[in-house]
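Asks: Below is the structure I would like to discuss, written out as structure tokens.
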Amino acid sequence: MPPRSFHILLALFGTFRVGRVASQGVVTARERAPQIFNAIHNAMRQWGSSVHHNGMSLFPVRVPVGNLFYHGTILAERRKGGPEWLSFEPEHAAGFSRSWEADEPRPWQDTYRSTLLRTGSQRVFDTATGPPRIPPGRAVRGHFHTYAANRSLRLIYIDGMSAGNSEFGSMDTQDLVLIDGFDGDTLDDWERASKICSFAQSAGADGMIRMEAGFEVVYCDFEDGLDIVSIMGQRNARTVSGTFEWMRASAERYEGFEPGRFQVDWSGMVSALWHSDINITNPDPLRPDLPRLSGNPQQSLRPMANRFHEVLKSRQEFETVHWQAVTDRIDAMFGPRLEAMARSSANATTIRHQVDSLLDRFTDFSPQWGPRRRRIVDACASRHLRLPLVSETRWTPEDMLIFKHWTLRKMLDPPTEDARGAAKELVKNLIDWLDWARWRRCDDKCEHDNKLCFIAMFPFGTAEDHFTPRCKSAEEIAQAMDTF
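Add 3 to the 1-based position in the sequence shown for our numbering, that's all there is to it.
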């Protein structure tokens, strides 16, 4: 049987702090604890949001004045009216700012379309009702626009790979929660943006943040809140190296952005994960790992939409508990040690040392200390919640639900004589259940400048890239367009 200290470590992941509020959603938050942890930990981070690409949550976000955004188009002037797309990274927008030769296939044509796009999701628009199209049969100059926020921008962050127009459900939250009266028909992205902007603007928001290979802003009114910094004509430069630089820029956001780019209102998070009447089971039995909202009648999703609308309108100033910082501390403390214990090369001594390194600092070895297991677990669990509890009197209902989710799971101690084997099996089960994004990273650091650790990011990537990311070259990434 594994040593007693090992059982204490596992008991830590079964702790539950009983709070004063037993509001609706607490039981659901306990049952879906790993998903809630991952939603918070992965928010606005490219890597984790690529691993767990079906997001179920919405967050209010503020962008401070002065921040720059980028836009690629065939237009040589600012677009008037209607939604448009902005990129956080210039390399992302550059892919949409290139010039076109007269005989090149256009983006809506089958010879150009990404294999990841849903059939029928692209169609031709005229400029009165949709985005500017590239006229067939003649050369067109592309333009690279740079804009600066001239005031604080209020945005909706839709988590996961929410700009990934695929069949896997990555757009469920925006289609089924934010679009009133969605009938299940395939939407083109312009129509989707227009409908979500109706929701956003009615609550005082300027647009939404989504992620694909890079983060984008779907901005609802280009004439409000943005100053033109520059508009520059571009050459025809759709190259392998350009695609690689786009992916490299996206990879720089694997672990998030530098401070000052935006502020997430963690206390304003609203999620399907803590609504007990929302079914997140995937109807596809082959992909139980991907949560879906498609099994719900839309009326069961309206409370989530209404609550988020209320949050957007009421929270003019963010006074927020930084729940992501809490997940970061837990991930950094336990992630490497659990991984070390699960390795095939780990022996009983290694496992014991890892457990002791986690628990000794919370253990009083004095003889008079009495029963230790409960005290060790409480001391370790409360350590990470001490700072958020300082502001408990100002918590939102969402803060309380996030706090409740720190329940992980109590794993029963199986009777066995093989301590090493039993311990490793327990740790592997725990790792599978937690499903932290750190455990999907490339095994080795990419040694060459023209390679990067690549995970599938819409519209690039294969199923293999998703499940087993590895170092890939520019040529390999440019060819990595499958049906994942």
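Just so it is clear, CB atoms sit at the ideal spot from N, CA and C, and this is done for glycine as well.
Please return the same chain residues whose Cβ sits closer than 8 Å to the Cβ of A343, not counting the five positions on each side in sequence.
Replies: As a first step, residue 343 must be located in the sequence shown, where it is residue number 340. A349, T353 and Q357.
Asks: Could you compute how far the alpha carbon of T76 sits from the alpha carbon of F225?
Replies: Position 73 of the sequence shown, counted from the start, is the residue given in the question as residue 76. Position 222 of the sequence shown, counted from the start, is the residue given in the question as residue 225. Rounded to the nearest angstrom, the two C-alpha atoms are 13 Å apart.
Asks: CB G263 to CB H95, shorter than 8 Å?
Replies: In the sequence shown, residue 263 corresponds to position 260, counting from 1. In the sequence shown, residue 95 corresponds to position 92, counting from 1. In this structure, H95 does not lie closer than 8 Å to G263 by Cβ.
Asks: V490 and A151: beta carbons closer than 8 Å?
Replies: Within the shown structure, residues of the chain are numbered from 4 to 487, placing residue 490 beyond reach of any answer.
Asks: Hey, L433 and L362 are a contact pair by Cβ (cut 8 Å); roughly how many whole angstroms apart?
Replies: Mapped onto the sequence shown, residue 433 falls at position 430. Mapped onto the sequence shown, residue 362 falls at position 359. At roughly 15 Å, the Cβ-Cβ gap does not stay under 8 Å, so L433 and L362 are not in contact.
Asks: Buried or exposed for R290, please, with buried defined as at least 16 other CB atoms from any protein chain shown within 10 angstroms of its CB.
Replies: In the sequence shown, residue 290 corresponds to position 287, counting from 1. Exposed, because fewer than 16 other Cβ atoms sit within 10 Å of the Cβ of R290.
Asks: Would you tell me roughly how many angstroms separate the C-alpha atoms of P472 and M164, rounded to the nearest one?
Replies: If you number the sequence shown from 1, residue 472 lands on position 469. If you number the sequence shown from 1, residue 164 lands on position 161. Each residue's alpha carbon lies about 16 Å from the other.
Asks: Give every residue of the same chain whose Cβ lies closer than 7 Å to the Cβ of I480, excluding the five residues on either side of it in the sequence, and list them in chain order.
Replies: Taking the sequence shown and counting its residues from 1, the one referred to as residue 480 is at position 477. Hits under 7 Å: T246, F247, M250, F457 and F463.
Asks: Is the beta carbon of V64 less than 8 Å from the beta carbon of D268?
Replies: Within the sequence shown, residue 64 is the residue found at index 61, counting from 1. Within the sequence shown, residue 268 is the residue found at index 265, counting from 1. Cβ distance < 8 Å, so V64 and D268 count as in contact.
Asks: Do three or more CB pairs link the stretch 254 to 261 to the stretch 198 to 212 at distances below 8 Å?
Replies: The stretch 254 to 261 is not in contact with the stretch 198 to 212.
Asks: Look at N45 and D175 and say whether their C-beta atoms are less than 8 Å apart.
Replies: Counting from one through the sequence shown, the residue named residue 45 turns up at place 42. Counting from one through the sequence shown, the residue named residue 175 turns up at place 172. No.
Asks: Among residues of its own chain, excluding the 5 on either side of K431, which ones have a beta-carbon nearer than 7 Å to its beta-carbon?
Replies: Position 428 of the sequence shown, counted from the start, is the residue given in the question as residue 431. Result list for K431: A345, in chain order.
Asks: Starting from Q301, trace the alpha helix (DSSP H) in both directions and tell me its first and last residue.
Replies: Numbered from 1 along the sequence shown, position 298 holds the residue referred to as residue 301. Element bounds for Q301: Q301 to S317.
Asks: Measuring alpha carbon to alpha carbon, tell me which residue in D183, M272 and D191 is nearest I39.
Replies: Numbered from 1 along the sequence shown, position 36 holds the residue referred to as residue 39. Among D183, M272 and D191, the Cα nearest to that of I39 is on M272.
Asks: Enumerate in chain order the residues of its own chain whose CB-to-CB distance from D230 is below 7 Å, with the five nearest sequence positions on each side excluded.
Replies: On the sequence shown, position 227 is the one that residue 230 refers to. Once the five neighbours on either side are set aside, the close Cβ partners of D230 are Y150, A151 and N153.
Asks: Based on Cα-Cα distance, which residue from I199, G184 and S173 lies nearest to L158?
Replies: For the purposes of this step, residue 158 is taken as residue 155 along the sequence shown, with counting starting at 1. Ranking I199, G184 and S173 by Cα distance to L158 puts I199 first.
Asks: Could you check where the beta strand (DSSP E) with A97 kicks off and where it finishes?
Replies: Residue 97 sits at position 94 when you count from the first residue of the sequence shown. No beta strand (DSSP E) holds A97; the alpha helix (DSSP H) holding it covers P93 to A97.
Asks: Quick check on L289 - is its C-beta less than 8 Å from some C-beta in chain C?
Replies: The displayed structure is made up of one protein chain only, and chain C is not part of it.
Asks: So what does F463 bridge to, in DSSP terms?
Replies: Within the sequence shown, numbered from 1, the residue matching residue 463 stands at position 460. Its beta-bridge partners are M460.
Asks: Could you pull the start and end residues of the beta strand (DSSP E) that A151 belongs to?
Replies: Taking the first residue of the sequence shown as 1, we reach residue 151 at position 148. Per DSSP, A151 belongs to the beta strand (DSSP E) from G145 to A152.
Asks: Return the residue from the list A203, F171, L293 and E170 that minimises the CA-CA distance to V180.
Replies: Here residue 180 refers to the residue found at position 177 when the sequence shown is read from its first residue. With distances taken between Cα atoms, V180 lies closest to A203.
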